[in-house]
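K.L.:
Counting from 1, position 319 in the sequence shown corresponds to residue 319 in the UniProt record's numbering; the numbering is continuous, with no gaps.
I have a structure I would like to understand better, so I am pasting it below and will then ask my questions one at a time.
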Amino acid sequence: MSSQDNLPLIDTHAPPTRHPSSPTETSATLGGDSGFLSNPDSEPETRRKKPRFEPEYRKDREEWSDTAIACLLEAYTEKFNQLNRGNLRGRDWEEVAEAVSERCGGGGGGGGGGGEKQKMWKSVEQCKNKIDNLKKRYKVELQRISSGGGSSSWHWFKQIEAVMGNSGSSSIGKALEGEDRNGGSSLGKQANKRYVPNNVASGSNLKSKSIPSVKWRRVVFKISGTALSGNCQSIDPKIAMQIAREIATACRLGVQVAIVVGGRNFFCGDSWVSATGFDRPTAYQIGMMASVMNSMLIQSALEKLGVQTRMQSAFVLPEVAEPYSRPRAIRHLEKGKVVIFGGIGAGTGNPLFTTDTAAALRATEINADVLLKGTNVDGVYDCHSDNGSATLDHISFREVGSIGITSMDTMAITYCEENTIPVVVFNLLEPGNISKALCGERVGTLIDQEGRIS
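Structure, rendered in structure tokens:
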């Protein structure tokens with residue numbers, strides 16, 4: 001025991017000591033990595049945080065070379081034309097991102113380190129953000145040119161113009177061929193407004209003589225269920241596609257369109273009440289469901305043509321339509337989307353209102369400029385004329401009460417009169433009438449506060 005007591009005590013947990021005159025130990029003197037001696041707290045603040053925040057900083061910057069931008073525009077234009085100038089969806093953007101990565105060399109091997117390959121690889125979000133930024137820059141260049149700034153010196157102006165500038169001109173010219181083009185004022189007055197869709201704010205469309213002036217900014221289009229049936233029992237697909245094509249034409253011109261669809265082609269509540277003695281609210285609720293079915297058919301026809309649509313209803317139909325929201329509906333319209341109000345047309349949820357009255361209500365709520373009633377008659381007829389079949393071009397709300405109009409609900413007429421919303425009654429089965437009415441051209445019968453001008 002005495003020999004052990006004389007031995008020095010060694011504390012294995014004590015840190016190693018270093019003589020003040022000895023040089024500082026480094027990884028080189030220790031023969032390699034000395035991670036077991038490194039103390040994170042002893043490192044400078046910047047050295048610890050740099051690896052942690054550098055990836056987010058690079059992601060926010062999203063550096064794009066000219067080669068990558070050229071590949072992106074090429075892939076985006078190919079997909080845009082492949083979809084018949086329609087909007088790209090999830091899988092489409094994935095294919096664009098893959099094409100950009102492959103063309104820029106991000107997806108293959110070869111020279112360059114892993115960092116260069118990672119830098120060339122582009123995600124879907126990066127491609128979307130870059131396209132949005134290019135479109136915003138394009139709009140800025142258009143505003144500068146329209147204000148007298150001369151031609152654009154921006155390198156990518158012509159490539160973006162090929163997508164945005166000409167996307168609507170060719171299809172619109174074909175759709176409007178043969179229509180009446182009275183009043184050839186330019187569309188440039190509306191190009192600077194924030195609610196005009198991207199396809200309208202383009203350099204080629206600003207000076208195009210083939211595009212007529214747009215009178216209405218935002219419209220509610222009431223589609224008669226009876227007119228939808230045509231010669232069929234329920235709905236005529238030819239009529240549905242004709243309606244969708246002409247609505248798409250007006251949307252490309254910058255008109256914001258909200259749609260209300262009747263349901264008489266499937267079920268007429270008044271007829272069943274008079275014939276069977278049904279409870280009126282029950283019969284009208286069945287008609288409201290018929291309106292939802294028609295709304296879904298019109299929505300499918302529009303989306304087939306590449307027109308973005310949103311369907312809203314007061315009914316709880318989460319897999320079919322979103323719940324009605326006035327602010328959300330207005331935002332959809334400002335973004336260039338068509339809003340379809342389903343369930344008694346406007347989705348009021350009240351079975352004792354007709355679709356005409358519901359359309360007038362929604363026209364007031366979304367601040368529409370006009371209510372268009374598309375039906376299977378040419379307009380309002382003058383019962384006091386010699387033959388009793390003369391169509392009136394212009395009439396006041398007060399005169400409508402004395403004539404006794406049958407092509408539109410009286411309550412809807414009264415509601416529009418109280419809120420100073422003009423009404424146009426026209427025949428939607430006549431080719432070209434829908435696009436003319438949506439753009440403000442004279443068609444059918446106009447009902448407003450002034451009436452006929454003597």
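C-beta: ideal position from N, C-alpha, C; glycine also.
Measuring CB atoms only, is the stretch 212 to 229 touching the stretch 303 to 319, in the sense that at least three cross pairs come out at less than 8 Å?
P.N.:
Counting Cβ pairs under 8 Å, fewer than three are found: no touch.
K.L.:
CB-CB under 6 Å to VAL423, same chain, minus the five flanking residues each way: which ones, in chain order?
P.N.:
Within the same chain, VAL423 has close Cβ partners LEU371, CYS416 and ILE447.
K.L.:
For ALA70, tell me which candidate among CYS127, GLY90 and GLU94 has the shortest Cα-Cα distance.
P.N.:
Residue CYS127 is the option with its Cα nearest to ALA70.
K.L.:
In this structure, how does DSSP classify PHE53 when only helix, strand and coil are distinguished?
P.N.:
Low per-residue confidence applies at PHE53: pLDDT is 40, beneath 50, and the placement is therefore not dependable, though the value from the model is reported in the following sentence. The answer is helix: DSSP assigns PHE53 an H, G or I state.
K.L.:
Measure the alpha-carbon distance for ARG442 versus GLY432 and round it to whole angstroms.
P.N.:
Roughly 12 Å separates the two Cα atoms.
K.L.:
Among PHE426, THR420 and GLU430, whose alpha-carbon lies nearest the alpha-carbon of GLN449?
P.N.:
Residue THR420 is the option with its Cα nearest to GLN449.
K.L.:
Please classify residue 455 as buried or exposed, where buried requires at least 16 other C-beta atoms within 10 Å of its C-beta.
P.N.:
Nothing in the structure corresponds to residue 455, since the chain is present only between 1 and 454.
K.L.:
Indicate whether the contact test is met: 3 or more Cβ pairs, each with one atom in the stretch 361 to 378 and one in the stretch 242 to 261, closer than 8 Å.
P.N.:
At 8 Å Cβ cutoff, the stretches touch.
K.L.:
DSSP beta-bridge partners for GLU322?
P.N.:
Answer is GLN312, bridged to GLU322.
K.L.:
Decide if ASP409 is buried, meaning its Cβ has at least 16 other Cβ atoms within 10 Å, or exposed.
P.N.:
Counting Cβ neighbours within 10 Å, ASP409 comes out buried, since at least 16 surround it.
K.L.:
Per DSSP, what kind of secondary structure is LEU30 in: helix, strand or coil?
P.N.:
At LEU30, the pLDDT of 42 sits below 50, so the modelled position is not reliable; the number obtained from the coordinates is stated separately. It is coil, neither helix nor strand.
K.L.:
Buried or exposed: ASP378, going by 16 or more other Cβ atoms within 10 Å of its Cβ?
P.N.:
Classification for ASP378: buried.
K.L.:
Compute the Euclidean distance between the alpha carbons of TRP93 and PHE266, then round it to the nearest angstrom.
P.N.:
Going from the Cα of TRP93 to the Cα of PHE266 covers about 39 Å.
K.L.:
Please work out which residues of its chain come closer than 6 Å, Cβ to Cβ, to ARG264, disregarding the five sequence neighbours upstream and downstream, and give them in chain order.
P.N.:
Cβ neighbours of ARG264 beyond the five flanking positions: GLY225 and THR226.
K.L.:
Would DSSP call ILE131 helix, strand or coil?
P.N.:
If DSSP states are grouped into helix, strand and coil, ILE131 belongs with the helices.
K.L.:
Residues bridged to ASP448 by DSSP?
P.N.:
ASP448 pairs with SER396.
K.L.:
Report yes or no: do three or more beta-carbon pairs, one from the stretch 239 to 247 and one from the stretch 293 to 309, lie closer than 8 Å?
P.N.:
Flag = yes, the stretch 239 to 247 and the stretch 293 to 309 touch.
K.L.:
So what's ASP356 in DSSP terms, helix, strand or just coil?
P.N.:
Residue state, collapsed to three classes: helix.
K.L.:
Please classify GLN299 as buried or exposed, where buried requires at least 16 neighbouring CB atoms within 10 angstroms.
P.N.:
GLN299 should be labelled buried.
K.L.:
Could you have a look at GLY374 and say whether DSSP puts it in helix, strand or coil?
P.N.:
Reduced to three states, the DSSP call for GLY374 is strand.
K.L.:
Taking 8 Å as the threshold (C-beta atoms), are LYS122 and SER101 in contact?
P.N.:
Going by C-beta atoms, SER101 is nearer than 8 Å to LYS122.
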